[in-house]
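The structure appears right after this line, and notes come after that.
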């Protein structure tokens, strides 16, 4: 499943949830980890879970 989130530069990024190893909140941002890399997004874990529920 692919969802669209906002990176720390305000740009929309596509995240393939099948490739995510884990997600962790880091203050006012969320760290999304893949096998060899991580990105930081503005959405909270709750906001990400809501997007997943809606099937976005």
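Residue numbers (my numbering): 383 to 438.
Ideal Cβ placement from N, Cα and C applies to all residues, glycine included.
Out of the options, which one is the CA nearest neighbour of residue i?
i, options, result
"residue 396", "390, 402, 386", "386"
"residue 410", "417, 420, 424", "424"
"residue 391", "427, 417, 434, 421", "421"
Are there 16 or more other CB atoms within 10 angstroms of the CB of residue i, so buried, or fewer, so exposed?
i, result
"residue 412", "buried"
"residue 432", "exposed"
"residue 414", "buried"
Output the residue ranges of the beta strand (DSSP E) runs that lie fully inside the region 397-437 and measure 3 residues or longer, sorted by chain position. Listed in chain order, the complete beta strand (DSSP E) runs (minimum 3 residues) inside the region 397-437 are 404-408, 411-415, 420-423.
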